[in-house]
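The letter at position 76 of the sequence shown is residue 76 when you use UniProt numbering, and the numbering goes up by one with no holes.
Here is the structure we will look at, set down as structure tokens.
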Amino acid sequence: MPKAHALKPQSSSHPRGKIEVLPNAIHTIVVQATTGCYGVLGLASPRLHYGEPILLSTQHVNQGVRVNVVNDQLIVDIYVVLEYGLRISEIAHNIMSSVKFSLEKMLGLPVAQVNVNVQGLLHGPGTQEKQ
1 MPKAHALKPQ SSSHPRGKIE VLPNAIHTIV VQATTGCYGV LGLASPRLHY GEPILLSTQH
61 VNQGVRVNVV NDQLIVDIYV VLEYGLRISE IAHNIMSSVK FSLEKMLGLP VAQVNVNVQG
121 LLHGPGTQEK Q
């Protein structure tokens, strides 16, 4: 989805005006829903650096989300780093459910797919590696 184009969540026009949602707002909703899930250490860059995940800082987390619109439905790709030792499939399903629910509730648009790409596993801030 080009960054200059806005998404129109409501198909019918109202006499009071129109509603447009910019991609940055959609990214923000996705980031909040994702980082609120247990086991998510952060969003990652879609590209690895020498095989290692790159955790994105708070200023750049939108780079870890890609949104496309196909047939008036959203397709979301999320790149994450998860905490080592937890069930990856369970966390991914929680992310999918949370993102889909948040977007459909806030925008009123159907979400066709939420694709979770696990870029890496790291030990969480509260755990220590045993040597």
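Ideal Cβ placement from N, Cα and C applies to all residues, glycine included.
Expressed to the nearest angstrom, what Euclidean distance is found between the alpha-carbon atoms of A44 and R87?
So the two alpha carbons sit approximately 19 Å from each other.
Range covered by the alpha helix (DSSP H) that runs through A92:
Judged by DSSP secondary structure, A92 falls within the alpha helix (DSSP H) whose first and last residues are 88–107.
Less than 8 Å between the beta carbons of L55 and G42, yes or no?
It is a contact, given that the beta carbons lie within the stated cut-off.
How about Q73 and A25: are their beta carbons less than 8 Å apart?
Their beta carbons are not under 8 Å apart, which means Q73 does not touch A25 by this criterion.
Taking the Cβ atom as the reference point for each residue, do G39 and I91 lie within a distance shorter than 8 Å?
Taking C-beta atoms as the reference points, G39 and I91 count as a pair closer than 8 Å.
When DSSP labels each residue in this structure, what does H27 get in the three-state scheme?
H27 falls in the helix class under three-state DSSP.
Inter-residue CB distance, Q119 and Y79 (contact presumed, cutoff 8 Å):
Rounded, the Cβ-Cβ distance is 5 Å, consistent with contact.
Relative to the C-alpha of N117, which residue among L82, E20, S98 is closest?
When only C-alpha atoms are compared, the closest one is L82.
Output the distance between the C-alpha atoms of L122 and L48, rounded to the nearest integer angstrom.
Near 14 Å, if we compare the C-alpha coordinates of L48 and L122.
Alpha carbon to alpha carbon, what distance is there between C37 and N71?
Computed Cα separation, rounded: 29 Å.
Q63, DSSP secondary structure in three states
Helix at Q63.
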